[in-house]
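J.: My questions will all concern the structure given below.
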Ligand code: ZN
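In our numbering, the protein residues as written are 7 to 250.
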């Protein structure tokens, strides 16, 4: 079983004046946990900002294979120690998927080490997302491209380190382009960033987006996980005579 922790700040959805409360009455994490939970090989838990310690402890991370993170206006409310724990867990081997505005979340910024800034506007543009790496495991079953009727426009430059692979590139009717799906390895862990998913659109109910997240969970599961440095075994030195 792949143990997934879906973390969401869960703020917009509780604001009755925000459209997100109609689209995601049980939170973005609720929708993501629901579709992932239907898979036989996945076990899902959720955590939010209002939970004690943001719902994150070392024990919980040790028992998590892949963390999924959605955040926006609550980034600064996540304690630095929690962000450091998530970063450390990824370096040890845990997978991490950062969605949409999580590009400015503390754990993502720590893992990238760059500004992670981008340009953006909300104007209901249609987005056409192109598959740039069709052989990548995350792109399987997605096709050449797919379209989102509307989502927030994100534009380049995106202040990230060059990705190991750019799996998807988004194009908007307003003309912008954006690296919409990117992967990195950090220590023993794998990281995936996926751009679509502004809270006022039903993006996470879209079957194509759900398939991408599912593929990403299976891709990001740990291959090797260790907290400890490799030992330096001090093998007997090779005798000069043996070399002659
Ligand atoms: Zn947004």
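Glycine is no exception: its CB is placed at the ideal position from the N, C-alpha and C atoms.
1) Out of curiosity, what's the CA-to-CA distance linking residue 252 and residue 208?
2) Thinking C-beta only, is residue 135 closer than 9 Å to residue 187?
3) Taking the CB atoms as reference points, tell me whether residue 107 and residue 203 lie closer together than 9 Å.
4) Would residue 230 be called buried (16 or more neighbouring beta carbons within 10 Å of its own) or exposed?
5) At what residues does the beta strand (DSSP E) containing residue 40 begin and finish?
6) Mapping the DSSP letters down to three states, classify residue 179 as helix, strand or coil.
7) Does DSSP classify residue 95 as helix, strand or coil?
8) Figure out for me which residue from 13, 112, 236 and 47 has the closest Cα to the Cα of residue 67.
9) Apart from the five residues on each side of it in sequence, which residues of its chain come closer than 7 Å, Cβ to Cβ, to residue 252?
10) For residue 116, report the span of its alpha helix (DSSP H) as first-last.
11) Taking the DSSP output, what are the residues bridged to residue 198?
12) Closer than 8 Å to a non-hydrogen atom of ligand 1 - does that hold for the CB of residue 107?
13) With three or more C-beta pairs closer than 8 Å as the rule, is the region 98 to 117 touching the region 49 to 59?
14) Smallest Cα separation from residue 199: which of 193, 101 and 140?
15) Based on Cα-Cα distance, which residue from 24, 178, 183 and 226 lies nearest to residue 193?
T.: To lay it out plainly:
1) Look at the range of the chain in this structure, 7 to 250, and you will see that residue 252 is not part of it.
2) yes
3) yes
4) Residue 230 should be labelled exposed.
5) Per DSSP, residue 40 belongs to no beta strand (DSSP E); it is in the alpha helix (DSSP H), 34 to 43.
6) coil
7) helix
8) 13
9) With the chain represented from 7 up to 250, any question about residue 252 goes unanswered, as that position is not in the structure.
10) 112 to 118
11) 103 and 189
12) yes
13) no
14) 101
15) 226
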